[in-house]
Amino acid sequence: MSLPKPCFILFLLFFLASTQVRAASASNSNLFREYIGAEFKDVKFSDVPINQNVNFHFILSFAIDYDTSSGTPSPTNGKFSIFWDTQNLSPSQVSSIKSNNPNVKVALSVGGDSVSGSSAYFDPSSVDSWVSNAVSSLTTIIKDYNLDGIDIDYEHFKGDTNTFAECIGRLIQTLKTNGVITFASIAPFASDEVQSRYLSLWKSYGHVIDYINFQFYAYDKSTTVSQFIDYYNEQTSNYNGGNVLVSFNSDGSRGLTPDSGFFTACSMLKSQQKLYGIFVWSADDSKANDFTYEKQSQELLASPN
């Protein structure tokens, strides 16, 4: 079917405008994000330095749809439970850090790498049942903790790519539509199995995903600054139009570390208007270093472009 010429021109202009808006969303930002609570090292929100000139997101890690009461972890088809350090990261402590710091929001991350020493699999019985259970259980946790957003960090999978895309996409869409969350992120890394799922999700539901917490620290520790920039450009192409954040692992075990040029790479990206934000895995490990690199990250983000 062909369009009359005036209609075609209007359609083309609309398409170009929408594409430019999407592409323009990825640029310099002062967003800083930090995962917290997964390693039970007694870290508190108040331990972490917060620069008042950045937008700061804590990400509680993790809520997992597994049951461990029998001693052997078993999947629960979307019925999520809390697996973070609730003694130090409680609802009252969420309220306190947010009330004392208007620039702070708090999210939860779902999935993660493992549960009780075993891999945590995305393992739905069906799309409809998983989504129903996930919406219900996560809504309860999010409201109990007065949280603002959700992060998707599944790293092991059963089922096909479309099932993952539909389950996660519909979960995020429903939580947003219901006013339960105001933002959502995904946390992929450079693995064929992982990327196939998240890119399928991005293709179908990218419009409800606000940030890509790409795990650049999953690359090899020998990563150079130039390689890091290449990796960043590759992932911004994969997640076209998305807000891709750079990242480091604060235990220094993998990826481009702060001591090896991470901040040099960040400055280069910032000069190109490509530094959308920085996230860190994790506050639990950074506590031993007095959060030195968190301070440096936030100073860089808060400095003039």
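Residues -23 to -1, 1 to 282 in mature numbering (1 follows the signal peptide of the UniProt record, and there is no 0) are what the sequence shown spells out, letter by letter.
Beta carbons: idealized from backbone N, C-alpha and C, even for Gly.
Here the structure is a predicted model, which is why all the values come from computation and not from measurement.
Taking the Cα positions, I127 is about 14 Å away from F33. Excluding its 5 nearest sequence neighbours in each direction, S181 has C-beta neighbours in its own chain below 8 Å: A142, E143, G146, listed in chain order. Given a length threshold of 4 residues, each whole run of the alpha helix (DSSP H) inside the segment 65 to 133 is given here in chain order: 68 to 77, 104 to 122.
Non-local C-beta neighbours of Q212 in its own chain, meaning closer than 7 Å and more than five positions away in sequence, comprise F191, V221, ordered along the chain.
Annotation: T241 to S76 spans about 34 Å, alpha carbon to alpha carbon. Residue L148 holds the alpha-carbon nearest to the alpha-carbon of S106 among L148, K153, N282. Close CB contacts of G238 within its chain, under the 6 Å cut and outside five residues either way in sequence, are with V202 (chain order). A straight line joining the alpha-carbon of N266 with that of Q275 spans about 16 Å. Relative to the Cα of S113, the nearest Cα in the group D42, A97, S96, M245 belongs to D42.
For N282, the CB contacts under 8 Å within the same chain, skipping 5 residues up- and downstream, are N5, K247, Q250 in chain order. DSSP, reduced to helix, strand and coil, places N155 outside both helices and strands of the structure shown, so it counts as coil.
Bounds of the alpha helix (DSSP H) holding N210 are 202 to 215.
Cβ atoms of L85 and L124 come within 8 Å of each other, at about 6 Å. Excluding residues up to 5 positions away in sequence, W179, I189 lie with their Cβ nearer than 7 Å to the Cβ of Y216 in the same chain.
If only uninterrupted beta strand (DSSP E) runs of at least 3 residues are considered, those enclosed by the segment 146 to 200 are 160 to 163, 188 to 190.
Rounded to whole angstroms, the gap between the alpha carbons of Y208 and F193 is 8 Å.
For F240, no beta strand (DSSP E) segment is defined; the enclosing uninterrupted segment is the alpha helix (DSSP H) at 239 to 248. The DSSP-derived three-state label of N5 is coil. In terms of CA proximity to S73, S23 leads the group S23, T49, V92.
Across the set P79, A40, K120, S58, the C-alpha of P79 shows the shortest separation from the C-alpha of I27.
Here E11 carries a strand assignment [DSSP, helix/strand/coil].
Residue environment analysis places E170 among the exposed positions, since fewer than 16 neighbouring C-beta atoms fall within 10 angstroms of its C-beta.
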